[in-house]
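Enquirer:
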Amino acid sequence: MIETHYDCPCLETCPLNRAMELIGGKWKMQIICALNSSGPTRYNKLKNRMDGVSNTVLAKALRELEAAGLVIRKEYLEVPIRVEYETTEACDELIPILDQLGEWCEKHESRQGDGN
């Protein structure tokens, strides 16, 4: 029998598990979607779009997404300093996959409502 990522006994090496570590959590998907839909965005504007997120949590999630290569932080040496965040090419490649996952979920939920 061929093992897949679904029955992988070693989750640290499972590609799907690693992907979920990169984008999982309460705020990362919202950050990715917000940046994807609005383009380069300043920190405060992004925070305002994230209803209920604290500065600490948002900053941590942005650092993690940046470390994962999904978000770029651009600092402009102006007074006051302007910082913008935007998605990377790798993150842009992820968007159609996330769209498909969302479509799958809607389809699955409609089936559940039908009793199928």
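Residues in the sequence shown are numbered from 34 upward in steps of one, following my numbering. No residue lacks a Cβ here, since even glycine has one placed at the ideal position from N, Cα and C. Note that the coordinates shown come from a computational prediction; the quantities given were computed from them, not determined experimentally.
Buried or exposed, going by whether 16 or more other CB atoms sit within 10 Å of the CB of residue 46?
Expert: For the purposes of this step, residue 46 is taken as residue 13 along the sequence shown, with counting starting at 1. The residue in question, residue 46, is exposed, as its Cβ has fewer than 16 Cβ neighbours within 10 Å.
Enquirer: How about residue 103 and residue 89: are their beta carbons less than 8 Å apart?
Expert: Translated into the one-based positions of the sequence shown, residue 103 becomes position 70. Translated into the one-based positions of the sequence shown, residue 89 becomes position 56. No.
Enquirer: Does the region 91-105 come close enough to the region 55-69 that 3 or more CB-CB pairs lie under 8 Å?
Expert: yes
Enquirer: Restricting to Cα atoms, I'd like to know which of 59, 131, 125 and 85 is closest to residue 73.
Expert: Taking the sequence shown and counting its residues from 1, the one referred to as residue 73 is at position 40. With distances taken between Cα atoms, residue 73 lies closest to 125.
Enquirer: Do the region 75-93 and the region 103-118 meet, that is, are 3 or more Cβ pairs less than 8 Å apart?
Expert: yes
Enquirer: When burial is assigned at 16 or more other CB atoms within 10 Å of the CB, is residue 92 buried or exposed?
Expert: Counted from its first residue, the sequence shown places residue 92 at position 59. Counting Cβ neighbours within 10 Å, residue 92 comes out exposed, since fewer than 16 surround it.
Enquirer: Expressed to the nearest angstrom, what Euclidean distance is found between the alpha-carbon atoms of residue 129 and residue 135?
Expert: Translated into positions along the sequence shown, residue 129 becomes position 96. Translated into positions along the sequence shown, residue 135 becomes position 102. Roughly 10 Å between the two C-alpha positions.
Enquirer: Would you kindly report the start and end of the unbroken beta strand (DSSP E) that includes residue 117?
Expert: Within the sequence shown, the letter at position 84 stands for residue 117. Residues 115-120.
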